[in-house]
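Protein chains: 2
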Amino acid sequence: MTDAGFQRVALIGLGLIGSSLSHAIRRRGLARSIAGHAQSAKTRDTALRIGIVDSAHATAAEAARGADLVVLCTPIGVCGTLAQEMAPVLSAGAIVTDVGSVKGAIVREVGPHLPRGVHFIPGHPIAGTEHSGPESGFAELFDGRWCILTPPAGTDAGALGRLTAFWEACGSNVEIMDADHHDLVLAITSHVPHLIAYNIVNTARHLERVTDSEVIKFSAGGFRDFTRIAASDPVMWRDVFLNNKEAVLEMLGRFSEDLTALQRAIRFGEGETLHKLFVEARATRRGIIQAGQDTAAPDFGRRPPPKPSGP
Amino acid sequence: MTDAGFQRVALIGLGLIGSSLSHAIRRRGLARSIAGHAQSAKTRDTALRIGIVDSAHATAAEAARGADLVVLCTPIGVCGTLAQEMAPVLSAGAIVTDVGSVKGAIVREVGPHLPRGVHFIPGHPIAGTEHSGPESGFAELFDGRWCILTPPAGTDAGALGRLTAFWEACGSNVEIMDADHHDLVLAITSHVPHLIAYNIVNTARHLERVTDSEVIKFSAGGFRDFTRIAASDPVMWRDVFLNNKEAVLEMLGRFSEDLTALQRAIRFGEGETLHKLFVEARATRRGIIQAGQDTAAPDFGRRPPPKPSGP
Numbered sequence: 005m006t007d008a009g010f011q012r013v014a015l016i017g018l019g020l021i022g023s024s025l026s027h028a029i030r031r032r033g034l035a036r037s038i039a040g041h042a043q044s045a046k047t048r049d050t051a052l053r054i055g056i057v058d059s060a061h062a063t064a065a066e067a068a069r070g071a072d073l074v075v076l077c078t079p080i081g082v083c084g085t086l087a088q089e090m091a092p093v094l095s096a097g098a099i100v101t102d103v104g105s106v107k108g109a110i111v112r113e114v115g116p117h118l119p120r121g122v123h124f125i126p127g128h129p130i131a132g133t134e135h136s137g138p139e140s141g142f143a144e145l146f147d148g149r150w151c152i153l154t155p156p157a158g159t160d161a162g163a164l165g166r167l168t169a170f171w172e173a174c175g176s177n178v179e180i181m182d183a184d185h186h187d188l189v190l191a192i193t194s195h196v197p198h199l200i201a202y203n204i205v206n207t208a209r210h211l212e213r214v215t216d217s218e219v220i221k222f223s224a225g226g227f228r229d230f231t232r233i234a235a236s237d238p239v240m241w242r243d244v245f246l247n248n249k250e251a252v253l254e255m256l257g258r259f260s261e262d263l264t265a266l267q268r269a270i271r272f273g274e275g276e277t278l279h280k281l282f283v284e285a286r287a288t289r290r291g292i293i294q295a296g297q298d299t300a301a302p303d304f305g306r307r308p309p310p311k312p313s314g315p
Numbered sequence: 005m006t007d008a009g010f011q012r013v014a015l016i017g018l019g020l021i022g023s024s025l026s027h028a029i030r031r032r033g034l035a036r037s038i039a040g041h042a043q044s045a046k047t048r049d050t051a052l053r054i055g056i057v058d059s060a061h062a063t064a065a066e067a068a069r070g071a072d073l074v075v076l077c078t079p080i081g082v083c084g085t086l087a088q089e090m091a092p093v094l095s096a097g098a099i100v101t102d103v104g105s106v107k108g109a110i111v112r113e114v115g116p117h118l119p120r121g122v123h124f125i126p127g128h129p130i131a132g133t134e135h136s137g138p139e140s141g142f143a144e145l146f147d148g149r150w151c152i153l154t155p156p157a158g159t160d161a162g163a164l165g166r167l168t169a170f171w172e173a174c175g176s177n178v179e180i181m182d183a184d185h186h187d188l189v190l191a192i193t194s195h196v197p198h199l200i201a202y203n204i205v206n207t208a209r210h211l212e213r214v215t216d217s218e219v220i221k222f223s224a225g226g227f228r229d230f231t232r233i234a235a236s237d238p239v240m241w242r243d244v245f246l247n248n249k250e251a252v253l254e255m256l257g258r259f260s261e262d263l264t265a266l267q268r269a270i271r272f273g274e275g276e277t278l279h280k281l282f283v284e285a286r287a288t289r290r291g292i293i294q295a296g297q298d299t300a301a302p303d304f305g306r307r308p309p310p311k312p313s314g315p
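Protein chains in written order, with this note's numbering: chain A, 5 to 315; chain B, 5 to 315.
See below:
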């Protein structure tokens, strides 16, 4: 166990993030033991079989008993109830955190249930794939990605330092942010992108003049890129939209306003307007690659890179 | 040279598609020689240096002279003018095709310029990356992808057969389709996806309450997926939208209608509506993977696959 580590980590929820956290913890020896909770017996059995937990528990309270770090890795909608269940058994000095994509709602739903002496520090690793379940995790998921922590006013500096060191040891860069600002930032960088991805897949499925088979066959023209994030966990995403309503509606309003302007530019054949906007978009892509947040390989590296061609 | 091959192929335009075609032609020996035209002297020099053309010409007519296959690989907006320039030198029996993402406009702009005895068969390989220029091409670009041909009524069956065999030898599956239907299908599978990708990048750049730096840092939540296709060639895409206006506006209307309904479901907290829609979207992703049109690897394979973990 390193300085970034804990005695007993409880992972409440063993999906993509919970299982990846386990692998990241094992990779660097960040816990003496990992206790896990999952609602389904099948998931608990799988988790034990593949070794991502040392013990698997049918209730969150059993898993959290005696833990010095408790990480809620479930859809947002059940976090409040789980916190309530765990509250009586939480150790004084334990850190309770989460990984949810919305932070304001977590502060409101989880915070009030936790006893004094427990350090509550909401968190959000900006990492994921479209796969779900206990077998989808891998240790490298958080490498080079940002993890945002949103400590409420008055958070213990020592606890914040320990949680920061933990995430850094899992491979992340840590950023501290206000919960409401987090929710606004994520609305544009994650929630609205997922919503419009779900939406265009839905639109494509219900056309009368283009068949589903044509949509699938000819999806390499761009559409398939959207289907990846539209394949993410439906319950998790339902809860995101139900719990970050205001920020999502604000960003969606801006998106629709801009789309209407683009639509008008197309209708009236304003080539220069379109061209200028398309040129600007390239700069954002370059920025993301320079910041190490995406690969520069063509097509996300889906295909082998071009072979060098000699003269 | 195989049966799918030609004596002299003229590639008019040496960007991603033109250069990839050259590599695909070389891979299977589909031409005795490749003549290329690019507007810029720098591109012509590069093309000669890396060996994607045997001769580089400052005008399309010089490149097309004596060719039995001429492939227009330029943005759609200049195809009409180029056809007009080449018309006097085209050989009887030559096939003229293109690779543009809009077919109705190509039929209208190119067709009338071509002399009798020349076979005009518009085409569109559904393949690409976000990279541009003569050095971005690679032989595998068309492997397993669909190429749509839209032969006008009365097209010579022999010429259509030769062009079909050529694309198959380049690695593609070939589908024959009416030009107007092509434009409708591509509007939903390619053009609208690109437009909304450009649009969300634009929206994100002009927010007052979220900085550009935050958008870039936290883009791994989904936003970065959109920036890839928004980094595609701006001139090419301007021309797509100017030349497929009706179909794009029709599909955009459907997209916006559906998005408004989703927005309303979020506003009124209709979790079941959201969940149902998100579940359905997964089926489309599965279909695309089963059809071989995308990778099943998490995150498009951007990261190494999870290492097997023992018990």
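Glycine included, each C-beta is placed from N, C-alpha and C at the ideal position.
Item	Value
Which residues in chain B sit within 7 Å of A/I292, going by Cβ to Cβ distance?	I220, S223, R228 and T231
Please list the residues of the region 118-135 of chain B that have a C-beta atom closer than 8 Å to any C-beta atom in chain A, keeping them in chain order.	I130, A131, G132, T133, E134 and H135
B/H128 to A/P138, Cα distance in whole Å?	42 Å
Count the other CB atoms, across all protein chains shown, that sit within 10 Å of the CB of B/I125; report buried if there are 16 or more and exposed otherwise.	buried
Under 8 Å by Cβ, that's how I've got B/A60 and B/G40 pegged, so tell me the actual separation to the nearest angstrom.	5 Å
Output yes if chain A places a C-beta closer than 8 Å to the C-beta of B/A234; else output no.	yes
Contact criterion: CB-CB distance below 8 Å. Does A/D184 meet it with respect to chain B?	no
Look at the alpha carbon of B/V100 and the alpha carbon of A/F227, and state the distance between them as a whole number of angstroms.	29 Å
If you compare alpha carbons, which of B/L188, B/D187, B/A96 and B/R209 is closest to A/T193?	B/R209
Rounded to whole angstroms, what is the Cα-Cα separation between A/D72 and A/F142?	23 Å
For B/T207, which of A/T264, A/T78 and A/T154 has the nearest alpha-carbon?	A/T264
Give me, in chain order, the residues of the same chain whose beta-carbon lies closer than 7 Å to that of B/S37; leave out the 5 immediate sequence neighbours on both sides.	R12 and D58
Relative to the C-alpha of A/P238, which residue among B/A285, B/D184, B/G273 and B/D298 is closest?	B/A285
What in chain B is Cβ-close to A/R149, meaning under 8 Å?	A224
Would a check of beta-carbon distances place A/Q43 closer than 8 Å to chain B?	no
Chain A partners of B/F245, CB-CB under 7 Å?	I270 and L278
Are the beta-carbon atoms of A/M255 and A/P79 separated by less than 8 Å?	no
Reducing DSSP to helix, strand and coil, say where B/L94 ends up.	coil
Please compile the residues from chain B whose C-beta is within a distance smaller than 8 Å of the C-beta of A/P197.	I204, G225, G226, F227, D229 and F230
Is the CB of A/R69 under 8 Å away from at least one CB in chain B?	no
Is the shortest distance between the beta-carbon of B/Q11 and the beta-carbons of chain A less than 8 Å?	no
Is DSSP giving A/L18 helix, strand or coil here?	coil
Strictly under 8 Å for the Cβ-Cβ distance: is A/I200 near chain B by that measure?	yes
What distance in whole Å lies between the Cβ atoms of B/T154 and B/H123, which are believed to be in contact at a cut-off of 8 Å?	So it is not a contact: roughly 13 Å between Cβ atoms.
Would you tell me roughly how many angstroms separate the C-alpha atoms of B/G267 and B/L76, rounded to the nearest one?	Inspection of the sequence shows that residue 267 of chain B is occupied by Gln rather than by Gly. Going from the Cα of B/Q267 to the Cα of B/L76 covers about 43 Å.
For A/P129, list the residues DSSP reports as bridge partners.	A/C151
Please classify B/V283 as buried or exposed, where buried requires at least 16 other C-beta atoms within 10 Å of its C-beta.	exposed
Which bits of chain A does B/W171 rub up against, with CB to CB less than 8 Å?	Residues of chain A passing the Cβ test: none, with the nearest at roughly 15 Å.
Within the continuous beta strand (DSSP E) that includes A/M40, where are the two ends?	Inspection of the sequence shows that residue 40 of chain A is occupied by Gly rather than by Met. Here the beta strand (DSSP E) through A/G40 covers A35 to H41.
Just the chain B side, please: which residues come within less than 7 Å of A/D262 by C-beta, in chain order?	N203, N206 and T207
By a C-beta neighbour count over all protein chains shown, 10 Å radius and 16 as the cutoff for buried, is A/F272 buried or exposed?	exposed
Would you say B/L18 reaches chain A, if we count a Cβ-Cβ gap shorter than 8 Å as a contact?	no
Interface residues of chain A around B/R242 at Cβ under 7 Å?	G275, L278, H279 and F282
Run down chain A in chain order and give the residues with a C-beta less than 9 Å from the C-beta of B/R289.	E134, V205, R228, T231, R232, A234 and A235
From the DSSP secondary-structure annotation, give me the bridge partner or partners of B/H61.	B/H41
Write down the C-beta distance between B/V93 and B/A65 rounded to the nearest angstrom, noting that I regard them as a contact closer than 8 Å.	5 Å
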